[in-house]
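Structure first, commentary second.
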Amino acid sequence: MKKTFNPFLMAQEQFLKAAKKMNLDENIINILKEPQEALEVSIPIKTDSGKVKVFKGYRVHHNNARGPYKGGIRYHPNVTLEEVKALAMWMTWKCAVVGIPFGGAKGGVVCNPKQMSRREKEALTREYTRRMINFIGPLKDIPAPDVYTDSQVMAWIMDEYNKYTGNTTLGVVTGKPLAIGGSEGRHASTGKGLTVVVQEALKYLEMKPENTTAVIQGYGNLGHIAAEEMYKMGIKIIAVSDSKGGIYNPKGLNPLKVESFKQKTGSVVGFPDAKKITNEKLLQLKTDVLAPCALENVITSENASKIKAKIIAEGANGPTTPEAEKILLKKNVLIFPDILANAGGVVVSYFEWVQDMQGYFWELDEIHAKLDKIMTKAFWNVVDMAEKHKTDFRTAAYIFAIQKVAEAIEKRE
Ligand code: NDP
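For the sequence shown, this note's numbering assigns the number 2 to the initial residue and increments by one for each residue that follows.
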């Protein structure tokens, strides 16, 4: 029988592998292998048909030793508590890898926003916010967008929170529209951060962008920006995909044209001048860089041996299972893990929060320069750690992060 995928067990396995390698104190292991708290809520809303529908929602706090909890909110039919727990744990490590003073959290609602009207999404978001009102706050837990949530959803959360407190608290969520305390550069930040990691990985391998090809799975907020940024660097984007399928052209695609086609038609599929390809086949294309930028559990023990990429830059959270990773490491594939590769979003979320708390806003070039510096430093910290411990980049990133979190726990005692 096929094993059902449990993202939290996967996150724990990754954590325990690094904990063992670094001889982490058993007490710290016991603290960090579980989340500190988890909230489960029922969210009743009146649908457009007049019927009441009840949705399940979660918010998980993994650890706040280094600062307030921070993490996105996902609206997706496959959300589970185990998934949200995994994503919250990954946030703890991610914030520590890039050295920003936050802990890890995540939220999710089991729903299909593609089948909901704007009014229904607003009602759902406001009710979900009310149910977790004591769980979030600018010095407690700061949500942000994730899969199928956006700046509008963040605006509703901020507005609902502010109705409750009676204050204008901009810093309760990040990823907001610019008009209400959002930051320049937040929208593109995860894709830009991922591109910095790819750029440094190419330097590490002494490869030139103009001789490099990339394949990107997922063409949402992260995927399309990553494609555009890599294209600007000179990398040839040979295939991209979304939930409806993929497109492939070995001569290269123009990601800006693909994005405007998707904006018009709802999918990358059907883009002229490219062959249609399935998401599964796309992962197996011969390419230098493969960037999974959709969901977890896409590179598994079933397809890992067929992957031909030299570098995997994990834009999505948890795209590679531990079983797949073992196979890929044996094939000398370099895997730059999610907790490093997609940290650009939380870095600029941190900038947004700092600006909101100060009521003083920065210019875009300042944001880009600071993001670039932080991502580059984090990349080489992970490389150094991998060399020191003679280990893979994921374990190295975990060791780096766990050390920071463990130190914070110890100093508080
Ligand atoms: P979006 O909702 O903007 O985009 C998700 C993309 O994935 C869409 O293009 C969607 O297709 C595609 N997709 C969904 N299901 C599948 C599937 N089965 N096969 C192929 N593609 C699929 O989300 P984000 O871009 O924000 O997030 C993507 C990943 O990046 C997630 O893992 C998220 O946790 C991670 N991440 C995002 C950050 C951010 O700042 N946005 C920060 C850090 C991590 P379609 O367009 O057809 O719906």
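Ideal placement from N, C-alpha and C gives every residue a C-beta, glycine not left out.
If you count every other CB in all the chains shown that lies within 10 Å of the CB of W381, and 16 or more means buried, which is it?
exposed
Quick check on Y361: does DSSP put it in helix, strand or coil?
coil
Alpha helix (DSSP H) segment containing D160, residue limits
152-166
Candidates T301, F352, F6: which alpha carbon is nearest R187's?
F352
So within the region 35-107, which uninterrupted alpha helix (DSSP H) runs reach at least 4 residues, ignoring any that extend past its ends?
82-98
Is any heavy atom in the ligand FAD found nearer than 6 Å to the beta carbon of T191?
Absent from the structure shown: the ligand FAD. Ligands present: the ligand NDP.
Using three-state DSSP, classify A20 as helix, strand or coil.
helix
heavy atom of the ligand NDP below 6 Å from V61 C-beta
no
Check whether K107 and P114 have beta carbons under 7 Å apart
no
With H, G and I counted as helix, E and B as strand and the rest as coil, what does DSSP make of G345?
helix
Quick test of the definition: if touching needs 3 or more C-beta pairs under 8 Å, does the region 308-321 touch the region 234-246?
no
What does the alpha-carbon distance come out to for the pair T150 and P144?
11 Å
H77 beta carbon less than 7 Å from that of Q37
no
I'd like to confirm the pairing. Which residues does DSSP put opposite Q218 in its beta bridges?
S242, P293
Can you give me the C-alpha to C-alpha distance between K412 and K258, rounded to a whole angstrom?
52 Å
Quick one: what does DSSP say I32 is sitting in, helix, strand or coil?
helix
Cutoff 7 Å; reference A19; Cβ partners in own chain excluding five residues on either side:
T396, Y399, I400, I403
With DSSP run on the structure shown, which of helix, strand or coil describes A275?
coil
Report the CB separation of N64 from G100 in whole angstroms; it is logged as a contact under 8 Å.
Not really, about 16 Å apart at Cβ, beyond 8 Å.
The ligand NDP and Y1: does any heavy atom of the ligand fall closer than 6 Å to the residue's C-beta?
Residue 1 is absent from the structure shown; the chain starts at 2 and stops at 414.
To the nearest angstrom, how far is it from the Cα of A1 to the Cα of Y361?
Not covered by the structure: residue 1. The range shown for the chain is 2 to 414.
Any heavy atom of the ligand NDP closer than 6 Å to the beta-carbon of G246?
no
Which word fits L343, buried or exposed, when buried means at least 16 other C-beta atoms lie within 10 angstroms of its C-beta?
The sequence shown places Asn at residue 343, rather than the Leu named in the question. The residue in question, N343, is buried, as its Cβ has 16 or more Cβ neighbours within 10 Å.
Answer with buried or exposed for K206, where buried requires no fewer than 16 other C-beta atoms within 10 angstroms of its C-beta.
In the sequence as displayed, the identity of residue 206 is Leu instead of Lys. That one is exposed.
In or out: K95 buried (at least 16 other Cβ within 10 Å) or exposed?
buried
Between N222 and the ligand NDP, is there a pair consisting of the residue's CB and a ligand heavy atom that are separated by less than 6 Å?
yes
Same chain only: Cβ atoms within 8 Å of L179, ignoring 5 sequence neighbours per side:
E185
Out of T392, K282, D274, K71, state which residue places its alpha-carbon closest to the alpha-carbon of V349.
K71
Would you tell me roughly how many angstroms separate the C-alpha atoms of A156 and T48, rounded to the nearest one?
21 Å
DSSP bridge partner residues for Y232 (one or two, in chain order):
Looking at the DSSP assignment, Y232 forms no beta bridge with any residue, so it has no partner.
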